[in-house]
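Undergrad:
Number of protein chains: 2
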Amino acid sequence: MNLAEELLQDRGFNGFSYADIAGQLGVKNAAIHYHFPSKEELGIAVIKRYRERFKLWVNNSRIKDLSYPEKLDWFFNIYSDFRVNNGKVCLVGALEVEFNSIPEGLRKEVEYLNRETLVWLEAILAEGREAGAFQFKGTPASKAAVIYSSVQGALQMARALGTKKFCEVVEQNKQDVLV
Amino acid sequence: MNLAEELLQDRGFNGFSYADIAGQLGVKNAAIHYHFPSKEELGIAVIKRYRERFKLWVNNSRIKDLSYPEKLDWFFNIYSDFRVNNGKVCLVGALEVEFNSIPEGLRKEVEYLNRETLVWLEAILAEGREAGAFQFKGTPASKAAVIYSSVQGALQMARALGTKKFCEVVEQNKQDVLV
DNA sequence: TGACAAACTTACTGCTTAGTAAGTAAAATC
DNA sequence: GATTTTACTTACTAAGCAGTAAGTTTGTCA
Numbered sequence: 133m134n135l136a137e138e139l140l141q142d143r144g145f146n147g148f149s150y151a152d153i154a155g156q157l158g159v160k161n162a163a164i165h166y167h168f169p170s171k172e173e174l175g176i177a178v179i180k181r182y183r184e185r186f187k188l189w190v191n192n193s194r195i196k197d198l199s200y201p202e203k204l205d206w207f208f209n210i211y212s213d214f215r216v217n218n219g220k221v222c223l224v225g226a227l228e229v230e231f232n233s234i235p236e237g238l239r240k241e242v243e244y245l246n247r248e249t250l251v252w253l254e255a256i257l258a259e260g261r262e263a264g265a266f267q268f269k270g271t272p273a274s275k276a277a278v279i280y281s282s283v284q285g286a287l288q289m290a291r292a293l294g295t296k297k298f299c300e301v302v303e304q305n306k307q308d309v310l311v
Numbered sequence: 133m134n135l136a137e138e139l140l141q142d143r144g145f146n147g148f149s150y151a152d153i154a155g156q157l158g159v160k161n162a163a164i165h166y167h168f169p170s171k172e173e174l175g176i177a178v179i180k181r182y183r184e185r186f187k188l189w190v191n192n193s194r195i196k197d198l199s200y201p202e203k204l205d206w207f208f209n210i211y212s213d214f215r216v217n218n219g220k221v222c223l224v225g226a227l228e229v230e231f232n233s234i235p236e237g238l239r240k241e242v243e244y245l246n247r248e249t250l251v252w253l254e255a256i257l258a259e260g261r262e263a264g265a266f267q268f269k270g271t272p273a274s275k276a277a278v279i280y281s282s283v284q285g286a287l288q289m290a291r292a293l294g295t296k297k298f299c300e301v302v303e304q305n306k307q308d309v310l311v
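The listed protein sequences derive, respectively, from chains X and A. Using our numbering, the letters of the first sequence correspond one by one to residues 133 to 311. Using our numbering, the letters of the second sequence correspond one by one to residues 133 to 311.
#1: Which residue spans inside the region 227-306 of chain A form an unbroken alpha helix (DSSP H) run of at least 4?
#2: Look at the alpha carbon of X:Phe-168 and the alpha carbon of A:Met-289, and state the distance between them as a whole number of angstroms.
#3: Out of curiosity, what's the CA-to-CA distance linking A:Leu-223 and A:Tyr-150?
#4: Which chain X residues sit within Cβ distance under 7 Å of A:Val-278?
#5: Apart from the five residues just before and just after X:Gly-147, which ones in its own chain have a Cβ nearer than 8 Å to its Cβ?
#6: How big is the Cα-Cα spacing for X:Val-283 and A:Lys-160?
#7: Considering just the uninterrupted stretch of the alpha helix (DSSP H) at A:Asp-142, what are its terminal residues?
#8: Taking 8 Å as the CB-CB limit, is A:Ser-77 close to chain X?
#9: Is there a C-beta anywhere in chain A that falls below 8 Å from the one on X:Glu-173?
#10: Roughly how many angstroms separate the alpha carbons of A:Asp-312 and A:Val-301, rounded to a whole number?
#11: Would you mind reading off the limits of the alpha helix (DSSP H) that contains X:Lys-187?
#12: Along the alpha helix (DSSP H) that carries A:Leu-157, what are the first and last residues, could you check?
#13: Between the C-alpha atoms of A:Ala-163 and X:Asn-232, what's the straight-line distance to the nearest angstrom?
#14: Three or more beta-carbon pairs under 8 Å between the region 245-265 of chain A and the region 235-251 of chain X, yes or no?
#15: If you draw a straight line from the C-alpha of A:Leu-324 to the C-alpha of A:Ile-210, how long is it?
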C-alpha cells in the first residue's frame, strides 16, 4: 500500500502496474492480487487509509491545539513534504485528472477525500477569520476551494517549473489571508 | 489533432490510444501512424498548435484592446468553456500529473506552454495593478501562479464536486484582485 | 502430530498497446 | 500517358496489462 500510494502520486492510477509493485517488493505479480484482487480495490484501500490518516491528524491534539495560522501552516506543509519528497502530486488531483478512466468505487473515494479536506479547511478559515487571525473577502467555503485547488495545481506546476513555483503559491496564499 | 486534444483533456496522455482516434474517425490504426509516427510526436503537435493558438489570441486586437478586468474575464472563460464542454481539464495540468511517464519532448512543450501562460497573466496583473484596476499583495508573478494553479486545480476538482465548485474558485479569484 | 489456513509461486490467458512492413487506390505532377 | 506522391488498408509483432487457476511452502493451533 505504501508503494501503491507513492506510485499513484508519482504516475497516476493508469501509470503504474501490479508488476511495478511486485518488482520493488521482490515478489511476483500474483502475490499482490492475493491481497488486492482488483486494481480498483487496491486504489480504494490506499485512499481509505489516507482518509483515515487525515481524520486522525486533524482530531489529534497536536494539531487541534495549534493557533489558526499554525494550522494553516500545517496544512501547507503536508503538500510541501509531497513536493520535497520526490516531487509527488496530491492524490486527489492525480485521480481527478484520470476521473473518466478510473473505476466507479475509486471515484467515490476521491470525492469523499476531497470533500473532507475542504470541510476541514473551510472550518479553519471561518473560525480563524472570526477570531481575527485571518482576513479575506468571500465565503470561507470559496476561499478554501481557492487555497486547496491552487496547492493541488501548484504541485503539478512544480513538475514543469520547479519547487520555487510551488513555494511562491504557498507564500502568496498566506499573504492573501494572514492579517 | 482535434480528437487527440479532446482525449488528452478528457483522459490524459496515457489514457487514450491510437485506436480511440482511429475508431472515432472511421479509419485504421496505421492511418494515424502515417501522420504521427509516434505518440510523442502527436502529443507535441497538439501542444504546439495550442501554444500557437494562445499566442494568436493574446496578440489579437479583440483581446488586446480589452480593459484589464475584461482581459482577466477572457482568461477565466477559456477554462469555463473547458468545464462546460464535457468537463475537460487544462492540458498543462493533465500532462503535469503524468509528467514522470511521458516522453521528454512532450515535457518540454508542457513547460513552454505553462511559462507562456504565466508570463501573459503576470503582465496583465502587473499593468492592471499599476492602472488601478486590480489590487493584491505580493508580486504579479506569484499572484499569477496562484490564479493559474487554482483554475487548473478547480477544473480537476469539478470532476468530483461539480461545476459549482469551479465557478466558486473563479468568483473568489476575481473578488481577491478586483478593486 | 496432523489439519488447516495464510501467503505466496508457477504458469497461464485474453486483451490492449504502440509501432511496422508491405501492398493498394487515387490524385497530382511531369 | 507515365511516374511519383499521398493517404491510406491489411496484416502483423512484441511487449505490457489485469487477472486467474493450481500447486507449494510456512507457520499456527487443536
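The beta-carbon is built from N, C-alpha and C at its ideal position, and this holds for glycine as well. Since this is a predicted model, take the numbers as computed values, not measurements.
TA: Looking at the atomic coordinates:
#1: 236-262, 272-293
#2: 27 Å
#3: A straight-line Cα-Cα distance of about 18 Å links A:Leu-223 and A:Tyr-150.
#4: Ser-282, Val-301, Gln-304, Asn-305
#5: Leu-139
#6: 42 Å
#7: 134-143
#8: Since the first residue shown for chain A is 133 and the last is 311, residue 77 of chain A is missing from the structure and cannot be characterised.
#9: no
#10: This structure does not reach residue 312 of chain A, given that chain A is present from 133 up to 311, and the question cannot be answered.
#11: 171-191
#12: 150-157
#13: 26 Å
#14: no
#15: Residue numbering for chain A in the displayed model covers 133 to 311; residue 324 of chain A lies beyond these limits and cannot be assessed.
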